[in-house]
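Notes follow the structure.
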Amino acid sequence: MQKNFPREYRSSAGLLLRQQTYEDDVLTKETEYDAVGKTSKETASQYFPGGQILRTQEYTPKDGTLTLQRQTDYWRNGNTHAVLDKRS
Numbered sequence: 023m024q025k026n027f028p029r030e031y032r033s034s035a036g037l038l039l040r041q042q043t044y045e046d047d048v049l050t051k052e053t054e055y056d057a058v059g060k061t062s063k064e065t066a067s068q069y070f071p072g073g074q075i076l077r078t079q080e081y082t083p084k085d086g087t088l089t090l091q092r093q094t095d096y097w098r099n100g101n102t103h104a105v106l107d108k109r110s
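In this text, residue positions in the sequence shown follow this note's numbering: the first is 23, and each later residue adds one.
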């Protein structure tokens, strides 16, 4: 059985809505796309020596590029590790 694989979700018109990456049968990265096919939100799991961190990054389009608006890192137990918030 395959343990590392991508998964895509598309609209009925074929537009890519969400793309997921699995490693060892665990979702490690999920990217959501807006109506024009640009990344609107990305969630990734990363491993660090102190434990596994879930990193959530939110992007918004600005001047033809994506700008990181907020990044939040959570320990797997749910406690917040760090927040980078460019909106505030």
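Where is the CB? At the ideal position from N, CA and C, for every residue including glycine.
Between the C-alpha atoms of GLN79 and LYS63, what's the straight-line distance to the nearest angstrom? Distance between GLN79 and LYS63, taken at the CA atoms: about 6 Å.
For ARG32, three-class secondary structure by DSSP: Of the three classes helix, strand and coil, the one that applies to ARG32 here is strand, per DSSP.
Determine the direct distance from the alpha carbon of LYS25 to that of ASP46, and round the result to whole angstroms. For the pair ASP46 and LYS25, the Cα-to-Cα distance works out to about 5 Å.
Have a look at ARG107 and PHE27 and give me their C-alpha separation to the nearest angstrom. For the sequence presented, residue 107 should be read as Asp rather than Arg. If I take the Cα positions, the gap works out to 32 Å.
For GLU52, tell me which candidate among LEU76, THR61, VAL58, GLN42 has the shortest Cα-Cα distance. With distances taken between Cα atoms, GLU52 lies closest to GLN42.
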